[in-house]
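Here the sequence shown is numbered in the working numbering, starting from 6 and rising by one per residue.
Glycine is no exception: its CB is placed at the ideal position from the N, C-alpha and C atoms.
In this text, all values refer to a predicted model and were calculated from it rather than measured experimentally.
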Amino acid sequence: MKKKGDKTLLIVSISISLFSALLTLFLYRWSPTLLKEVDLRYSDFRFKLRGDVKPGPSVAIVAIDERSINQLGRWPWSRRHLAELIEKLADYRPKVVAFDMTFSEPESDDADRAFGTALEKGRNVILGYFFRESATQGPSSESLNQLSRSNIKLINFLGRPEPHLLGEFPFVETNIPQIGAYAQGFGFFNFPNADTDGVFRRAQLIMAYKGEIYPSLDIESLRHFLEEEILLKVASYGVDSLYIGQTMIPTDERGEFLINYYGPSGMFSTYSAVDVLSGEIPPNALKDKLVFVGTTEIGISDLRSTPFDPTFPGVEIHATVAENILDGRFLIKNDLTEALDIILLLVLPIVLVLLIMRVGKTLIATSIFLALLFIHLFGNYMLFTRLNLLLSALYPTLSLGLTYVLYEGYRNLIVERRSRYLRKAFSSYVSAELVAQILQDPDKLKLGGEKRKITVLFSDIRGFTSLSETMPPDLLVSLLNEYLSPMTQIVMNEQGTLDKYIGDAIMAIFGAPLDVPDHPMRACRTALRMIEELEKLHLKWKEKEWPNISIGVGINTGEAIVGNMGANMRFDYTAIGDTVNLASRLEGLNKLYGTQIIISKSTLDEIDSSQFLVRELDLVQVKGKEKPVSIFELIGTSDKEQKESLVSLFTEARNLYQSQDFYEAMKKFAEILKMFPEDKPSALYYERCLEYISQPPPPNWDGIYIAKEK
């Protein structure tokens with residue numbers, strides 16, 4: 006840069022830095038969802054970069070795990086088993102036992118009496134309960150009186166807050182009086198809503214109900230464990246401070262606590278309930294400890310997504326919160342961290358332009374920018390690991406990046422061109438993850454694509470044409486909107502990309518543009534969640550007297566061409582190729598087999614089959630393909646035992662069919678239909694067997710079904 010324009014350059018440089026800083030400050034105050042999620046994900050990355058931290062020895066978990074279920078039977082157990090568990094726990098002399106569960110309905114007089122007697126003998130058990138938004142009936146006055154034993158007594162009101170600031174709920178699900186009478190205390194186990202990306206990073210420590218304030222299971226258990234009282238100071242803006250004894254617990258004004266996770270599931274000393282019952286754990290394993298009892302078996306436990314683990318048992322979150330308080334491992338996000346955020350996002354852009362304004366080469370300017378960015382991110386990480394300060398990484402980075410882009414754009418006279426280019430790009434995409442990727446690498450917006458292994462999902466509403474002829478247009482549009490919105494959100498939650506809507510159909514791709522290694526698993530989970538969500542919509546639509554609908558889903562994995570395709574005036578990120586076509590054909594085959602979800606063998610080979618229930622449907626030559634493909638039905642996990650029996654019987658019958666023993670196969674399919682009369686694939690094969698018995702196939706028959714329809 007020549008010296009002649011130094012003064013102008015200085016003015017423009019400072020103006021750019023101030024503009025960038027003020028704009029970022031505005032975004033920081035506004036906190037739009039997209040930026041908030043990016044910031045939260047970097048916060049999660051700091052946890053993973055930090056690595057696992059060994060928790061203190063004071064907290065342990067007794068888990069209702071897979072072995073316990075296998076040996077003692079499906080959950081929920083009889084309270085006689087739980088009574089025995091409490092009695093066995095007493096032999097190990099824990100100081101406090103906290104149950105992450107509630108007993109809101111009677112089982113039987115004998116079972117309830119046995120459980121109550123065990124609680125009475127133990128005298129150290131805290132029972133869980135939960136608040137709810139709605140209920141058909143309220144708890145008994147006796148249950149409420151018992152619950153009031155655990156409300157927070159020491160409250161210093163510095164001002165009266167609005168009820169919603171303390172998370173007030175209108176209803177509560179309590180333990181039945183026959184059991185609650187013998188508990189040492191009670192704590193709710195509600196979690197606050199997950200963040201917008203579905204990750205649980207906070208715990209609710211207090212809740213208001215009918216003018217009283219109640220503690221969570223975590224701090225009620227700690228109150229008894231530490232033998233200290235809870236002191237709460239409440240101001241007009243909400244919670245001012247929360248103490249257990251002399252220990253101040255940092256919360257926000259709603260009483261929410263930032264969880265400092267120690268690592269993925271399994272960081273705490275965890276003992277199987279069946280081992281406790283059999284006396285097989287070490288004698289001093291639970292002595293003088295705070296023991297949380299809860300479910301961890303997949304399918305019955307309340308699994309949550311955390312920064313370390315997408316399937317983290319809720320009982321371990323309670324253990325983590327309790328150990329955080331005992332260890333004093335508090336994450337700090339308060340006025341101090343906010344002030345540091347603002348200082349950094351204001352100062353760093355000015356430092357950047359002062360360093361690069363006299364640099365003539367973009368490469369050197371870029372190196373300075375990257376060096377300053379590294380210093381910021383490294384300092385952010387060190388403050389997190391050394392002092393537990395939760396500073397924003399995104400907004401100072403955004404301020405730096407914005408300053409650099411604007412400055413370089415001005416210096417190279419391409420500001421307007423770059424601005425038009427990015428605006429055009431953003432108008433073509435709907436995925437927040439894709440927008441973030443484009444901001445990092447604008448070169449990805451060129452026309453064309455790349456070959457990549459992806460998973461493609463098609464879903465379609467059955468009989469939509471007939472539905473459109475019977476419903477008024479405005480109601481039809483409302484129904485379609487209420488259907489497409491949650492289905493699209495499910496795709497986004499599983500890191501899929503919504504490719505397009507095709508009328509009432511949805512096309513989604515997984516594994517592009519973001520590289521998601523487990524994209525076949527995510528596509529399968531998406532399909533199952535779509536079916537579950539549709540059942541919820543039916544309950545909602547029943548009140549509106551709207552008709553129920555059914556959907557079919559096809560999933561296929563393979564290589565496809567992905568990228569921005571179209572014309573210069575309009576282009577979209579999409580996928581094309583045989584993989585896409587086959588997924589569409591599989592979706593259509595649901596009509597023939599009477600199924601909801603069909604996946605290809607290439608998808609089945611890529612997933613953990615132990616997490617899904619799958620049965621092979623057929624060997625099919627779909628329209629437009631010469632080679633046959635094996636197709637499989639992905640089945641939901643409700644009524645799992647019955648469905649596993651169905652899959653086993655169906656496989657046996659189909660093997661007879663494939664070996665051309667059509668008479669025996671027909672008998673097997675008939676037996677299946679007696680047990681499962683709604684199983685349409687069995688009915689289809691039954692009809693095929695009848696046909697082949699009367700008109701046998703040729704000797705070289707290979708069992709391939711040729712699909713004539715799309």
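query: Could you give the distance in angstroms between the alpha-carbon of I419 and the alpha-carbon of E343?
result: Taking the first residue of the sequence shown as position 1, residue 419 is located at position 414. Taking the first residue of the sequence shown as position 1, residue 343 is located at position 338. At I419 the pLDDT is 48, less than 50, meaning the model places this residue with poor confidence; the figure from the coordinates comes in the next sentence. I419 and E343: Cα-Cα distance of roughly 35 angstroms.
task: For the alpha helix (DSSP H) containing L77, list its first residue and its last residue.
output: Walking along the sequence shown from the start, residue 77 turns up at place 72. Where L77 is concerned, the enclosing alpha helix (DSSP H) stretches over E71 to L77.
query: Which full runs of the alpha helix (DSSP H) of 4+ residues lie inside the stretch 606-672, going along the chain?
result: Every unbroken stretch of the alpha helix (DSSP H) spanning 4 or more residues and falling wholly within the stretch 606-672 is given here in chain order: 606-609 and 645-663.
- prompt: With burial defined as no fewer than 16 other Cβ atoms inside 10 Å of the residue's Cβ, what is the status of D293: buried or exposed?
  reply: For the purposes of this step, residue 293 is taken as residue 288 along the sequence shown, with counting starting at 1. Counting the other Cβ atoms within 10 Å of the Cβ of D293 gives fewer than 16, which makes it exposed.
- prompt: With a Cβ-Cβ cutoff of 9 angstroms, do Y691 and L678 count as a contact?
  reply: Residue mapping note: residue 691 aligns to position 686 of the sequence shown, counting from 1. Residue mapping note: residue 678 aligns to position 673 of the sequence shown, counting from 1. Closer than 9 angstroms, so yes.
- prompt: Nearest-angstrom Cα distance between L132 and V102?
  reply: Residue mapping note: residue 132 aligns to position 127 of the sequence shown, counting from 1. Residue mapping note: residue 102 aligns to position 97 of the sequence shown, counting from 1. Distance between the alpha carbons of L132 and V102 is about 9 angstroms.
task: Closer than 7 angstroms by C-beta to D96: which residues in its own chain qualify, once you throw out the five before and the five after it? Chain order, please.
output: On the sequence shown, residue 96 is found 91 positions in, with the first residue counted as 1. Hits under 7 angstroms: none found.
- request: Compute the Euclidean distance between the alpha carbons of S433 and Y578, then round it to the nearest angstrom.
  value: Here residue 433 refers to the residue found at position 428 of the sequence shown. Here residue 578 refers to the residue found at position 573 of the sequence shown. At S433, the pLDDT of 40 sits below 50, so the modelled position is not reliable and the matter cannot be decided from this model.
task: Assuming Y47 contacts A398 (C-beta within less than 8 angstroms), just tell me the rounded distance between them.
output: As a first step, residue 47 is located in the sequence shown; it is residue number 42 there, counting from the start. As a first step, residue 398 is located in the sequence shown; it is residue number 393 there, counting from the start. Y47 to A398, Cβ: 5 angstroms. Contact.
- prompt: Under the three-state reduction of DSSP, which class applies to R206: helix, strand or coil?
  reply: Taking the sequence shown and counting its residues from 1, one reaches residue 206 at position 201. Residue state, collapsed to three classes: coil.
E624 versus K456: straight-line alpha-carbon distance, rounded: The residue labelled residue 624 in the question sits at position 619 within the sequence shown. The residue labelled residue 456 in the question sits at position 451 within the sequence shown. As written in the sequence, residue 624 is Leu, which differs from the Glu given in the question. Rounded to whole angstroms, L624 to K456 spans 27 angstroms at the Cα level.
query: Under a three-way DSSP split, which group does K505 fall into?
result: In the sequence shown, residue 505 corresponds to position 500, counting from 1. Strand.
message: Please state the DSSP three-state secondary structure of E312.
response: In the sequence shown, the residue the question calls residue 312 occupies position 307. The question names Glu, but residue 312 in the sequence shown is Pro. Three-state DSSP puts P312 in coil, outside helix and strand.
query: What does a CB cutoff of less than 6 angstroms around I305 pick up in its chain, not counting 5 residues either side in sequence?
result: For the purposes of this step, residue 305 is identified with residue 300 of the sequence shown, where counting begins at 1. Leaving aside the five residues that flank I305 on each side, the residues in its chain whose CB is nearer than 6 angstroms to its CB run, in chain order, W80.
query: So what does DSSP say about N705, is it helix, strand or coil?
result: Here the question's residue 705 lines up with position 700 in the sequence shown. Under the three-state reduction of DSSP output, N705 falls in the coil class, being neither helix nor strand.
query: How far does the beta strand (DSSP E) with V326 in it reach, from first residue to last?
result: Numbered from its first residue, the sequence shown carries residue 326 at position 321. Per DSSP, V326 belongs to no beta strand (DSSP E); it is in the alpha helix (DSSP H), G319 to D332.
- prompt: Any chance the stretch 278-297 sits against the stretch 356-373, with 3 or more Cβ pairs inside 8 angstroms?
  reply: Fewer than three pairs of CB atoms, one per stretch, sit closer than 8 angstroms, so the stretch 278-297 makes no contact with the stretch 356-373.
Nearest to Y134 (by Cα), restricted to the options P99, S155 and L542: Here residue 134 is taken as the residue at index 129 of the sequence shown, counted from 1. The shortest Cα separation from Y134 among P99, S155 and L542 belongs to S155.
task: Just the C-alpha distance for Y488 and L542, rounded to the nearest angstrom, thanks.
output: As a working mapping, residue 488 is identified with position 483 in the sequence shown. As a working mapping, residue 542 is identified with position 537 in the sequence shown. Their Cα atoms are separated by approximately 8 angstroms.
task: Taking 9 angstroms as the cut-off, decide whether the C-beta atoms of S310 and A199 are in contact.
output: Position 305 of the sequence shown, counted from the start, is the residue given in the question as residue 310. Position 194 of the sequence shown, counted from the start, is the residue given in the question as residue 199. In this structure, S310 places its C-beta atom within 9 angstroms of the C-beta atom of A199.
- prompt: Straight-line CA distance for T562 to G508?
  reply: Translated into positions along the sequence shown, residue 562 becomes position 557. Translated into positions along the sequence shown, residue 508 becomes position 503. Just so you know, the alpha carbons of T562 and G508 end up roughly 24 angstroms apart.
message: In whole angstroms, give me the CA-to-CA distance for D504 and Y219.
response: Numbered from 1 along the sequence shown, position 499 holds the residue referred to as residue 504. Numbered from 1 along the sequence shown, position 214 holds the residue referred to as residue 219. Looking at the two C-alpha atoms, the distance is approximately 47 angstroms.
- request: Assign A324 to one of two classes, buried (16 or more other C-beta atoms within 10 Å of its C-beta) or exposed (fewer than that).
  value: On the sequence shown, residue 324 is found 319 positions in, with the first residue counted as 1. Classification for A324: buried.
- prompt: On the premise that F313 lies in contact with F52, defined as a C-beta separation below 8 angstroms, what is that separation, rounded to the nearest angstrom?
  reply: Along the sequence shown, one-based indexing puts residue 52 at 47. Along the sequence shown, one-based indexing puts residue 313 at 308. Confirmed, about 6 angstroms.
query: Quick one, which of L222, I249, S241 and W551 has its alpha-carbon nearest E232's?
result: Counted from its first residue, the sequence shown places residue 232 at position 227. Ranking L222, I249, S241 and W551 by Cα distance to E232 puts I249 first.
query: Between the C-alpha atoms of Q142 and S473, what's the straight-line distance to the nearest angstrom?
result: Within the sequence shown, numbered from 1, the residue matching residue 142 stands at position 137. Within the sequence shown, numbered from 1, the residue matching residue 473 stands at position 468. Take the alpha-carbon of Q142 and the one of S473: they are about 40 angstroms apart.
Contacts around K7, its chain only, beta-carbon distance under 7 angstroms, and the 5 residues preceding and following it disregarded: Taking the first residue of the sequence shown as 1, we reach residue 7 at position 2. For K7, the predicted model reports a pLDDT of 42, less than 50, meaning its position is unreliable and no value from the coordinates is stated.
message: Closest to P704 by C-alpha separation, out of G190, D479, Q665 and T460, would be which residue?
response: Taking the sequence shown and counting its residues from 1, the one referred to as residue 704 is at position 699. Closest by alpha carbon: Q665.
query: For G216, does the count of other Cβ atoms within 10 angstroms reach 16, so buried, or fall short, so exposed?
result: As a first step, residue 216 must be located in the sequence shown, where it is residue number 211. G216 should be labelled exposed.
task: Spatial neighbours of I612 within its chain, please: CB distance less than 7 angstroms, with the 5 preceding and 5 following residues excluded, ordered by chain position.
output: Sequence index remark: in the sequence shown, residue 612 carries index 607 (1-based). Shown here for I612: same chain residues with a beta carbon closer than 7 angstroms to its own, the five before and five after excluded, namely P525, M526 and C529 in chain order.
query: Taking C-beta to C-beta, are S25 and P318 nearer than 9 angstroms?
result: Here residue 25 refers to the residue found at position 20 of the sequence shown. Here residue 318 refers to the residue found at position 313 of the sequence shown. Not in contact: S25 and P318 (Cβ atoms no closer than 9 angstroms).
message: What does the alpha-carbon distance come out to for the pair E621 and L519?
response: Here residue 621 refers to the residue found at position 616 when the sequence shown is read from its first residue. Here residue 519 refers to the residue found at position 514 when the sequence shown is read from its first residue. Distance between the alpha carbons of E621 and L519 is about 30 angstroms.
Top-ranked residue by Cα proximity to L350, from A65, L23 and P701: Reading the sequence shown from its first residue, position 345 is the one you call residue 350. Selected option, being the one with the closest Cα: L23.
- request: Take the Cβ of M387 as the centre, count every other Cβ of all protein chains shown within 10 Å, and call the residue buried at 16 or more, exposed below.
  value: Indexing the sequence shown from 1 puts residue 387 at position 382. Around the beta carbon of M387, fewer than 16 other beta carbons lie within 10 angstroms, which makes this residue exposed.
- prompt: Beta-carbon separation of G641 and K648 under 9 angstroms?
  reply: Position 636 of the sequence shown, counted from the first residue, corresponds to residue 641. Position 643 of the sequence shown, counted from the first residue, corresponds to residue 648. When the beta-carbon positions are compared, G641 and K648 come within less than 9 angstroms of each other.
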